[in-house]
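Presented below is the structure to which this report refers.
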Amino acid sequence: MLRTRPVESRDLDLICEHRQKMFQASGKPREEELVAMDVPFRDWLRPRLEDRSYFGFIVENEGEAIGGIGLMVIDWPPHPSHPQDDRRGYVLNMFVEPDYRGRGVATDLMKAADVEFQRRGIRYAILHSTSKGRPLYEHLGWSGTTEMARQY
């Protein structure tokens, strides 16, 4: 039986593990890039879990974590998409173990995120998606944006 619970500070190792697996599944970063990210991400995440500025949900099956989603409210200037609000919701670290994919777990996590953002008064949210994840997000009403990136 699946159970969804809020992210807790004790989930630090689990979230770090899910993040590594999420990036590995995307096939984009090289292994050395993932290794280089591990400790800095852990150091970044720890205080945010403690002060609850990083929040979200974990799905468990009989006590075993099988998926999770991270959420944040980020400071952002008012924008045509949210002209009266200086915040955006941000979805990150969406991950479902391969054996549980295609069973609605990711959909349920995204719906829980929607409810939580609405509860917090967030009217606009963003996420970054792989090509594999895009159909799920589009099905749930998300659309692509014009974002670009550059690395220095």
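Take my numbering: the last position of the sequence shown gets the number 154, and nothing is skipped along the way. Glycine included, each C-beta is placed from N, C-alpha and C at the ideal position.
{"Query": "Please state if the CB of ILE76 and the CB of ARG90 are separated by a distance shorter than 8 Å.", "Result": "yes"}
{"Query": "Taking DSSP as the reference, what is the three-state secondary structure of ILE76?", "Result": "strand"}
{"Query": "What is the rounded straight-line gap between the Cα of VAL61 and the Cα of HIS130?", "Result": "21 Å"}
{"Query": "So within the region 10 to 49, which uninterrupted alpha helix (DSSP H) runs reach at least 4 residues, ignoring any that extend past its ends?", "Result": "14 to 28"}
{"Query": "Within the continuous beta strand (DSSP E) that includes THR6, where are the two ends?", "Result": "4 to 8"}
{"Query": "For VAL98, is the classification buried or exposed, using 16 other Cβ atoms within 10 angstroms of its Cβ as the cut-off for buried?", "Result": "buried"}
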